[in-house]
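Report on the following structure.
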Amino acid sequence: MNFLARSGSAGRAAALVLLVLLVAAAAAPVISRHQPNDLDLANRRAAPSATHWFGTDELGRDMLSRVLHGARVSLAVGLLAGLMASGIGIAIGGVAGYAGGWADSVLMRFTDAMLSVPRLLLLMILGAVLSPSVALLVGLVGAVGWMETARVARAEILSLRARDFVIAARAAGARFPRLLTQHLLLNAAGPLVVAGTLAIARSILLESALSFFGVGVQPPAASWGNMLYQAQTTMSTEPWLALFPGVFIFATVLAVNTLGDALAERR
Numbered sequence: 000m001n002f003l004a005r006s007g008s009a010g011r012a013a014a015l016v017l018l019v020l021l022v023a024a025a026a027a028p029v030i031s032r033h034q035p036n037d038l039d040l041a042n043r044r045a046a047p048s049a050t051h052w053f054g055t056d057e058l059g060r061d062m063l064s065r066v067l068h069g070a071r072v073s074l075a076v077g078l079l080a081g082l083m084a085s086g087i088g089i090a091i092g093g094v095a096g097y098a099g100g101w102a103d104s105v106l107m108r109f110t111d112a113m114l115s116v117p118r119l120l121l122l123m124i125l126g127a128v129l130s131p132s133v134a135l136l137v138g139l140v141g142a143v144g145w146m147e148t149a150r151v152a153r154a155e156i157l158s159l160r161a162r163d164f165v166i167a168a169r170a171a172g173a174r175f176p177r178l179l180t181q182h183l184l185l186n187a188a189g190p191l192v193v194a195g196t197l198a199i200a201r202s203i204l205l206e207s208a209l210s211f212f213g214v215g216v217q218p219p220a221a222s223w224g225n226m227l228y229q230a231q232t233t234m235s236t237e238p239w240l241a242l243f244p245g246v247f248i249f250a251t252v253l254a255v256n257t258l259g260d261a262l263a264e265r266r
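For the sequence shown, counting from 1, position 245 maps to 244 in numbering that gives the first Met the number 0; every step adds exactly one.
Put into structure tokens, the structure is as follows:
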């Protein structure tokens with residue numbers, strides 16, 4: 000909360016947008032009068048109206064309901080995969096920065112190797128082979144999104160480990176786990192929070208891209224990515240089918256990145 004209080008008007012606006020999106024996703028059955036997979040063939044490809052605020056798709060399904068229910072999937076994958084990636088990155092970067100020597104070299108060369116692999120291509124191959132569920136998709140996206148956070152964590156721990164309070168704690172008998180968790184990581188919390196917000200934004204984009212290419216969340220389940228995929232052939236005649244999920248992806252990623260930038264400026 001202290002970070003948010005110091006994050007400025009842009010950061011507070013971004014946090015408000017994210018809060019509204021989360022509340023809208025949670026309240027999707029209340030906001031929309033239709034179920035996301037209910038068919039209404041008599042109203043296929045209907046333009047936005049008072050009955051269907053975001054229009055309907057090629058099967059007559061209400062787009063407002065699908066966008067809001069899709070938010071549950073896209074935001075859940077983004078948030079959980081981002082948190083998973085942050086946890087992995089903090090663990091690897093923290094150990095590398097504190098231990099130094101051969102452990103630092105091995106872990107950072109592994110990080111460099113992972114960064115050299117195109118993660119979207121890797122995830123597309125894995126998705127095509129595994130046909131992942133939402134839970135497995137969270138694991139896959141999280142497993143390839145930790146490298147940037149690891150570099151931030153390593154840099155911060157390297158700068159902190161020679162500080163007087165760390166030397167004093169070590170002299171008092173504090174062991175590595177306590178030093179890392181109670182002294183080093185707590186004092187590196189600001190940059191790590193910023194890195195975590197960026198990991199969440201990357202995870203949302205990766206999930207959307209995977210679903211767009213047909214190897215992420217599978218229909219009839221709705222996600223913003225697979226709605227864009229289904230709308231690509233009718234964008235000239237029914238633009239609302241791509242407009243609304245695209246706007247939600249744009250707004251979410253922009254809000255997360257803006258919040259991360261605001262926190263970085265105020266830390």
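We treat Cβ as the ideally placed atom computed from N, Cα and C, and that holds for glycine.
Quick one, are the C-beta atoms of residue i and residue j less than 8 angstroms apart?
| i | j | result |
| --- | --- | --- |
| Leu114 | Met146 | yes |
| Leu79 | Ala23 | no |
| Ser207 | Gly224 | yes |
| Leu209 | Met107 | no |
| Gly99 | Ala198 | no |
| Ser85 | Thr180 | no |
| Gly215 | Leu136 | yes |
| Ser202 | Gly144 | yes |
| Ala58 | Arg43 | Per the sequence shown, the amino acid found at residue 58 is Leu instead of Ala. Against a cut-off of 8 angstroms, the Cβ pair of Arg43 and Leu58 comes out as a contact. |
| Leu205 | Val151 | no |
| Trp239 | Pro47 | yes |
| Arg160 | Leu125 | no |
| Asp56 | His33 | no |
So, does the CB of residue i fall closer than 8 angstroms to a CB anywhere in chain D?
| i | result |
| --- | --- |
| Gly86 | Considering every chain present, this structure includes no chain D. It has just one protein chain. |
For the candidate residues the options, whose alpha-carbon lies nearest to that of residue i?
| i | options | result |
| --- | --- | --- |
| Trp52 | Val133, Ile30 and Ala41 | Ile30 |
| Phe164 | Ala70, Pro190 and Asn186 | Asn186 |
| Leu38 | Ala27, Thr233, Gln231 and Pro219 | Pro219 |
| Pro176 | Thr236, Gly54, Ala27 and Ala90 | Ala90 |
| Thr200 | Glu237, Leu74 and Phe109 | Strictly speaking, residue 200 in this sequence is Ala, with Thr absent from that position. The residue with the shortest Cα to Cα distance from Ala200 is Leu74. |
| Glu237 | Ala26, Ala45 and His33 | Ala45 |
| Pro28 | Thr50, Leu63 and Ile166 | Leu63 |
| Ser130 | Ala188, Ala112 and Gln217 | Gln217 |
Residues in the same chain with beta-carbon distance under 6 angstroms from residue i, minus the five sequence neighbours each way, listed in chain order, please.
| i | result |
| --- | --- |
| Gly96 | Arg153, Ile156 and Leu157 |
| Ile87 | Trp145 |
| Phe211 | Gly224, Leu227 and Tyr228 |
| Val76 | Leu136, Val137 and Glu206 |
| Leu40 | Gly59 |
| Ala118 | Contrary to the premise, residue 118 reads as Arg rather than Ala in this sequence. The answer, listed in chain order, is Val143. |
| Thr110 | Met146 and Ala149 |
| Gly54 | Ala45, Ala46, Pro47, Met62 and Trp239 |
| Ala127 | Val214 |
Using a Cβ-Cβ cut-off of 7 angstroms (strictly less than) and excluding sequence neighbours within five positions of residue i, which residues of its own chain qualify?
| i | result |
| --- | --- |
| Phe249 | none |
| Ala102 | Val94 and Ala95 |
| Gly69 | Ala221, Ser222, Trp223, Met226 and Pro244 |
| Ala4 | Model confidence at Ala4 stands at a pLDDT of 49, short of 50, so the residue's coordinates are unreliable and nothing is read from them. |
| Arg169 | Leu178 |
If you drop the 5 nearest sequence neighbours on each side, which residues of the same chain put their C-beta closer than 8 angstroms to that of residue i?
| i | result |
| --- | --- |
| Ala263 | Pro190 and Val193 |
| Met234 | Leu240 and Ala241 |
| Leu21 | Leu74 |
| Leu121 | Val143 |
Indicate, with yes or no, if the ligand ATP has a heavy atom lying under 7 angstroms from the CB of residue i.
| i | result |
| --- | --- |
| Ala152 | Among the components modelled here there is no ligand, and therefore nothing to report on the ligand ATP. |
Taking one C-beta from the stretch 11-26 and one from the stretch 254-261 each time, how about it: are there three or more such pairs within less than 8 angstroms?
-> Enough Cβ pairs lie closer than 8 angstroms, so yes.
Write down every uninterrupted run of the alpha helix (DSSP H) in the stretch 213-251 whose length is 4 residues or greater and which is fully enclosed by it, in chain order.
-> You should have 223-230.
Could you say if the stretch 236-248 and the stretch 211-226 meet the contact criterion of at least three C-beta pairs nearer than 8 angstroms?
-> Taking 8 angstroms as the limit for Cβ pairs, the verdict is that the stretch 211-226 does touch the stretch 236-248.
Kindly provide the ranges of any alpha helix (DSSP H) runs that are 4 or more residues long and lie completely inside the stretch 105-175, ordered along the chain.
-> Runs of alpha helix (DSSP H) with 4 or more residues, each lying fully within the stretch 105-175, are found at 118-129, 133-142, 146-159 and 163-170, listed in chain order.
Starting from the N-terminal side, write out each stretch of the beta strand (DSSP E) that is 3 residues or longer and does not extend beyond the stretch 24-76.
-> Within the stretch 24-76, no complete beta strand (DSSP E) run reaches 3 residues.
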